[in-house]
Amino acid sequence: MRFSKAYIPTTKEAPKDAILPSHIYLSRAGFVTQVASGLYNFLPLGKRVMRKIETIIHEEMAACDALEVDLSFVTPAELWQESGRIEKFGKELLRFRDRKENLFVLGPTHEEMMVSIVRNRVTSYKQLPLNVYQVKTKFRDEARPRFGLMRAREFVMKDGYSFHSSTEDLDREFDAMEAAYKRILTRLGLQFRVVEADSGAIGGSGSKELMVLANSGEDTLAVCDSCEYGANIEAAQRSKRITIPEAPKAEFMKFKTPDIKSIEDLSAFFHVDSYYTLKAVVMRAVFADSTQPVCFFIRGCDTLQEVKACNSVGAIDLVEMSVSELTDLGLVAGFMGPLDQDKIRIVMDNDTRNAKAMICGANELDYHFVGVDLSVMGDVSYADLVAVSEGDGCPRCSGKLEYTKGIEVGHIFKLGTTYSAPLKAEYLDENGRSTPFIMGTYGMGVSRLVAAVIEQHHDEKGCIWTHATAPYMVNVMVSNIKEETHLEFATTLYTTLNENKIETILDDRKDRFGFKMSDAELIGFPFTVIVGKEMENDQVQIMVRKSGEMITVATHDVVQKLKELIG
Ligand code: ATP
Ligand code: MG
0 MRFSKAYIPT TKEAPKDAIL PSHIYLSRAG FVTQVASGLY NFLPLGKRVM
50 RKIETIIHEE MAACDALEVD LSFVTPAELW QESGRIEKFG KELLRFRDRK
100 ENLFVLGPTH EEMMVSIVRN RVTSYKQLPL NVYQVKTKFR DEARPRFGLM
150 RAREFVMKDG YSFHSSTEDL DREFDAMEAA YKRILTRLGL QFRVVEADSG
200 AIGGSGSKEL MVLANSGEDT LAVCDSCEYG ANIEAAQRSK RITIPEAPKA
250 EFMKFKTPDI KSIEDLSAFF HVDSYYTLKA VVMRAVFADS TQPVCFFIRG
300 CDTLQEVKAC NSVGAIDLVE MSVSELTDLG LVAGFMGPLD QDKIRIVMDN
350 DTRNAKAMIC GANELDYHFV GVDLSVMGDV SYADLVAVSE GDGCPRCSGK
400 LEYTKGIEVG HIFKLGTTYS APLKAEYLDE NGRSTPFIMG TYGMGVSRLV
450 AAVIEQHHDE KGCIWTHATA PYMVNVMVSN IKEETHLEFA TTLYTTLNEN
500 KIETILDDRK DRFGFKMSDA ELIGFPFTVI VGKEMENDQV QIMVRKSGEM
550 ITVATHDVVQ KLKELIG
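According to numbering that gives the first Met the number 0, numbering within the sequence shown proceeds without interruption in unit steps and concludes at 566.
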């Protein structure tokens with residue numbers, strides 16, 4: 000491609016709301032343009048990058064015998080009613096009626112559709128396993144579309160689904176998909192971590208996320224400083240505490256604590272480590288067609304992890320409640336405790352089970368109980384409710400947990416019969432019994448990956464594409480196209496490189512050298528060959544975008560040198 004014939008509208012201005020490097024540079028360098036909130040057009044360079052990512056995905060899927068399909072983007076709402084997800088997905092699901100008043104949704108993910116294509120067609124265990132996937136546009140009416148391609152409303156996802164006749168076979172495929180996803184990200188030149196993910200209300204351990212490590216990541220990961228353990232903060236576990244502060248000595252009694260409402264004030268008032276205080280967090284749990292206030296109790300030194308709390312009651316969401324709402328329920332904000340609590344549903348953190356020497360609210364203004372033995376709680380529900388902190392012990396080894404940030408680019412999940420059972424997608428097993436398929440689902444954010452590459456690889460001048468994702472590997476730039484011999488040499492080099500299967504663009508524009516250089520840096524081609532002054536000595540310069548290094552090479556050595564650099 001010649002620059003003079005290409006369509007690469009670079010600009011100095013970034014979109015007003017852009018804060019992330021990928022959003023700024025992909026817009027400024029002419030890879031994408033924004034249509035409306037969360038909607039983007041891919042221009043020629045953006046499309047090339049996306050296609051490269053897709054090609055690698057297709058190659059790795061073929062290596063696993065996964066089969067490509069292409070399902071209708073417009074999905075009958077009926078299928079979503081059958082699975083029960085129409086309510087659960089809420090407003091993210093864009094619904095509309097056709098001219099005959101039939102209700103449809105724009106596919107935000109395709110579990111239902113994929114189940115419907117095998118339902119009544121795959122009928123015997125002999126036809127299993129099956130792994131089908133597509134690379135397809137998805138639409139989710141995200142509450143807060145932001146960060147450019149990272150959280151768009153319309154985006155491209157690789158979504159795969161596997162069908163099995165045993166959990167062992169699902170485990171095997173899940174491991175194969177994890178390995179394939181790791182190969183894809185390695186080939187793309189990305190640093191990543193596979194972490195344990197929140198499995199939502201379904202529970203279980205079969206959910207992992209592939210996280211591209213980047214400071215701008217929306218997800219906080221807890222990773223071990225000495226072993227491979229890593230988990231999304233929403234799912235992270237910690238080892239049992241080894242050092243426990245000394246317990247306060249007190250008989251059980253009610254104590255006047257005037258205006259002592261916060262955990263800090265409480266532990267200061269009694270000179271007690273907050274480990275021995277009980278924190279109450281009241282939230283309204285939102286279900287498909289109802290809501291319910293819930294009080295979560297955790298140790299005062301801990302922090303409530305909302306996703307864990309949400310899962311513990313099987314809710315779709317948790318929303319904050321005001322003090323006046325609590326008062327209306329007869330609750331005393333700042334002084335709430337679990338003893339004799341019958342006004343609100345309660346869930347207690349696992350770490351409070353049978354805890355002794357505790358201080359908690361007495362459900363009465365200005366009073367707390369001290370010397371509380373929580374083993375009196377009896378029949379109350381317990382769950383893991385707390386967020387791990389940096390410095391907590393790793394649940395797998397003696398290492399310590401630390402936080403890092405990641406961009407979720409993939410999510411693999413053992414579904415079991417979550418969709419096949421309600422959708423009645425069944426096959427006949429070896430004994431002729433009709434049984435729902437055991438399923439796995441494997442998603443990868445293709446358009447999000449375009450942005451993730453830049454989040455991990457950029458500098459103050461612009462994009463730095465990895466070799467596998469670069470729209471062109473080499474940019475042959477003619478400093479001054481009026482120099483006929485230079486233009487001639489550059490054109491021949493450009494042709495030779497392309498013949499050698501090195502994707503090359505020729506910057507043959509009339510513009511000034513400085514302007515073309517800053518475009519080259521902004522766009523982020525891995526290598527730019529500068530054909531200019533050095534031609535007097537039969538030399539050119541190669542700018543290595545990543546290091547900024549300028550390498551002077553004899554004109555007859557350029558192709559060889561580039562081959563070496565590309566590796
Ligand atoms: P997130 O927690 O980021 O909202 P999710 O859990 O909703 O992601 P999945 O439903 O598992 O995501 O979708 C599979 C993949 O699709 C994700 O891992 C992510 O890479 C990508 N993806 C999800 N939502 C978006 C979006 N709004 N814009 C771009 N990519 C997305
Ligand atoms: Mg989401």
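For glycine and all other residues, C-beta sits at the position ideal for the given N, C-alpha and C. Given the structure is predicted, the values throughout are model-derived calculations rather than measurements.
TODO: Taking Lys560 and Ile541 to be in contact with their CB atoms under 8 Å, please state how far apart those CB atoms are, rounded to whole angstroms.
DONE: Here residue 560 is taken as the residue at index 561 of the sequence shown, counted from 1. Here residue 541 is taken as the residue at index 542 of the sequence shown, counted from 1. At roughly 7 Å, the Cβ-Cβ gap stays under 8 Å, so Lys560 and Ile541 are in contact.
Task: Entirely enclosed beta strand (DSSP E) segments - the region 309–366, minimum 3 residues - done: 316–319, 344–348 and 357–363
Open item on the list: If contact is defined by three or more beta carbon pairs under 8 Å, each pair taking one atom from either stretch, is the region 368–379 in contact with the region 285–293?
Closed with: no
Task: Whole-angstrom distance between Glu153 and Met476, CA atom to CA atom - done: Along the sequence shown, one-based indexing puts residue 476 at 477. Along the sequence shown, one-based indexing puts residue 153 at 154. Distance between the alpha carbons of Met476 and Glu153 is about 36 Å.
Task: Rounded Cβ spacing between Phe524 and Arg544 (contact assumed at less than 8 Å) - done: Mapped onto the sequence shown, residue 524 falls at position 525. Mapped onto the sequence shown, residue 544 falls at position 545. Rounded, the Cβ-Cβ distance is 6 Å, consistent with contact.
TODO: Using only the heavy atoms of ligand 1, determine whether one of them is closer than 7 Å to the beta carbon of Met335.
DONE: Reading the sequence shown from its first residue, position 336 is the one you call residue 335. No, the Cβ of Met335 stays beyond 7 Å of every heavy atom of ligand 1.
TODO: Less than 8 Å between the CB atoms is what I'm expecting for Gly405 and Leu220, so what's the real figure, rounded?
DONE: If you number the sequence shown from 1, residue 405 lands on position 406. If you number the sequence shown from 1, residue 220 lands on position 221. Confirmed, about 5 Å.
Open item on the list: Between the alpha carbons of His22 and Gly147, how many angstroms are there, rounded?
Closed with: Indexing the sequence shown from 1 puts residue 22 at position 23. Indexing the sequence shown from 1 puts residue 147 at position 148. His22 and Gly147: Cα-Cα distance of roughly 5 Å.
Open item on the list: If you follow the alpha helix (DSSP H) that Lys562 is in, where does it begin and where does it stop?
Closed with: Mapped onto the sequence shown, residue 562 falls at position 563. Unbroken alpha helix (DSSP H) run through Lys562: Val557 to Ile565.
- [ ] From the DSSP output, read off the bridge partner residues of Tyr381.
- [x] The sequence position of residue 381 within the sequence shown is 382, counting from 1. Beta-bridge pairing links Tyr381 to Met347.
Task: CA-to-CA distance, Ala451 to Ala553, given in whole angstroms - done: Position 554 of the sequence shown, counted from the start, is the residue given in the question as residue 553. Position 452 of the sequence shown, counted from the start, is the residue given in the question as residue 451. Whole-angstrom Cα-Cα distance: 37 Å.
Task: Contact belief for Gly442 with Gly409 at Cβ below 8 Å, rounded distance in angstroms - done: In the sequence shown, the residue the question calls residue 442 occupies position 443. In the sequence shown, the residue the question calls residue 409 occupies position 410. Between Gly409 and Gly442 the Cβ distance is about 6 Å, and since that is below 8 Å, they are a contact.
- [ ] With a 10 Å radius around its C-beta and 16 neighbouring C-beta atoms as the bar for buried, classify Gly547 as buried or exposed.
- [x] Position 548 of the sequence shown, counted from the start, is the residue given in the question as residue 547. Its Cβ having fewer than 16 others within 10 Å, Gly547 is exposed.
Open item on the list: Rounded to whole angstroms, what is the Cα-Cα separation between Val371 and Arg240?
Closed with: Residue 371 sits at position 372 when you count from the first residue of the sequence shown. Residue 240 sits at position 241 when you count from the first residue of the sequence shown. If I take the Cα positions, the gap works out to 20 Å.
Task: Cross-strand partners of Tyr39 (DSSP beta bridge) - done: On the sequence shown, position 40 is the one that residue 39 refers to. Bridge partners of Tyr39: Gln33.
Open item on the list: Using only the alpha-carbon positions, how far apart do Pro421 and Ala35 sit?
Closed with: The count along the sequence shown starts at 1 and reaches residue 421 at position 422. The count along the sequence shown starts at 1 and reaches residue 35 at position 36. Each residue's alpha carbon lies about 37 Å from the other.
Open item on the list: Please return the same chain residues whose Cβ sits closer than 6 Å to the Cβ of Thr10, not counting the five positions on each side in sequence.
Closed with: Here the question's residue 10 lines up with position 11 in the sequence shown. For Thr10, where only same-chain residues beyond five positions count, the Cβ hits under 6 Å are Arg27.
Open item on the list: Tell me the DSSP secondary structure of Val369 in three-state form.
Closed with: For the purposes of this step, residue 369 is taken as the residue at position 370 of the sequence shown. The answer is strand: DSSP assigns Val369 an E or B state.
Task: Reduced DSSP category for Gly203 - H, G, I as helix; E, B as strand; rest coil - done: If you number the sequence shown from 1, residue 203 lands on position 204. Because Gly203 carries a pLDDT of 49, less than 50, the predicted location of this residue cannot be relied on, and the following value inherits that uncertainty. Note: Gly203 maps to coil in three-state DSSP.
TODO: Would you tell me roughly how many angstroms separate the C-alpha atoms of Arg447 and Val155, rounded to the nearest one?
DONE: Position 448 of the sequence shown holds residue 447. Position 156 of the sequence shown holds residue 155. When rounded, the distance between both Cα atoms is 8 Å.
Task: Given Gln133 as reference, the closest of Ser115, Met113, Val117 and Lys157 once Cα atoms are compared - done: In the sequence shown, residue 133 corresponds to position 134, counting from 1. With distances taken between Cα atoms, Gln133 lies closest to Lys157.
Task: Counted within 10 angstroms of its Cβ, other Cβ atoms place Glu195 as buried (16 or more) or exposed - done: Here the question's residue 195 lines up with position 196 in the sequence shown. It counts as buried.
Task: Straight-line gap, Ile480 to Lys532 (C-alpha atoms, nearest Å) - done: Your numbering for residue 480 matches position 481 in the sequence shown. Your numbering for residue 532 matches position 533 in the sequence shown. Looking at the two C-alpha atoms, the distance is approximately 12 Å.
Task: Gln80 - DSSP class collapsed to helix/strand/coil - done: Translated into positions along the sequence shown, residue 80 becomes position 81. The answer is helix: DSSP assigns Gln80 an H, G or I state.
Open item on the list: Do Leu66 and Val117 count as a contact pair if the criterion is CB distance below 8 Å?
Closed with: Residue 117 sits at position 118 when you count from the first residue of the sequence shown. Residue 66 sits at position 67 when you count from the first residue of the sequence shown. No, the Cβ-Cβ distance between Val117 and Leu66 is not below 8 Å.
- [ ] Tell whether a beta-carbon distance below 8 Å holds between Phe436 and Phe162.
- [x] Numbered from 1 along the sequence shown, position 437 holds the residue referred to as residue 436. Numbered from 1 along the sequence shown, position 163 holds the residue referred to as residue 162. Cβ distance < 8 Å, so Phe436 and Phe162 count as in contact.
- [ ] Please classify Met472: does DSSP put it in a helix, a strand, or coil?
- [x] Position 473 of the sequence shown, counted from the first residue, corresponds to residue 472. The answer is coil: DSSP assigns Met472 none of H, G, I, E or B.
TODO: Name the one or two DSSP bridge partners that Asn231 has.
DONE: Here residue 231 refers to the residue found at position 232 when the sequence shown is read from its first residue. In DSSP, Asn231 forms a bridge with Leu220.
- [ ] Give the DSSP bridge partners of His457, in chain order.
- [x] Taking the first residue of the sequence shown as 1, we reach residue 457 at position 458. In DSSP, His457 forms a bridge with Cys462.
Task: Bridge partners - Asp506, DSSP secondary structure assignment - done: One-based indexing of the sequence shown puts residue 506 at position 507. Looking at the DSSP assignment, Asp506 forms a beta bridge with Met476.
TODO: Work out the CA separation of Ile7 and Val318 for me, nearest whole Å.
DONE: By one-based count along the sequence shown, residue 318 stands at place 319. By one-based count along the sequence shown, residue 7 stands at place 8. Cα to Cα, the separation comes out at about 45 Å.
Task: Cβ neighbours of Met320 in the same chain (closer than 8 Å, five flanking residues each side left out) - done: As a position in the sequence shown, residue 320 is number 321, starting the count at 1. Cβ neighbours of Met320 beyond the five flanking positions: Val281, Met282, Arg283 and Pro292.
TODO: Report all residues from its chain with a CB closer than 7 Å to the CB of Ala314; omit the five preceding and five following residues, and keep chain order.
DONE: Taking the sequence shown and counting its residues from 1, the one referred to as residue 314 is at position 315. These residues qualify, in order along the chain: Ala284, Val285 and Phe286.
TODO: Could you check how far apart the C-beta atoms of Gly461 and Tyr24 are, in whole angstroms? I think they sit under 8 Å.
DONE: For the purposes of this step, residue 461 is identified with residue 462 of the sequence shown, where counting begins at 1. For the purposes of this step, residue 24 is identified with residue 25 of the sequence shown, where counting begins at 1. So it is a contact: roughly 5 Å between Cβ atoms.
Task: beta-carbon Arg447 near ligand 1 non-hydrogen atom, thresh 7 Å - done: The residue given as residue 447 occupies position 448 in the sequence shown. Yes, the beta carbon of Arg447 sits closer than 7 Å to at least one heavy atom of ligand 1.
Open item on the list: At a cut-off of 7 Å, would you count His485 as near ligand 1, judging by its Cβ distance to the nearest heavy atom?
Closed with: In the sequence shown, the residue the question calls residue 485 occupies position 486. No, Cβ of His485 sits at least 7 Å from all heavy atoms of ligand 1.
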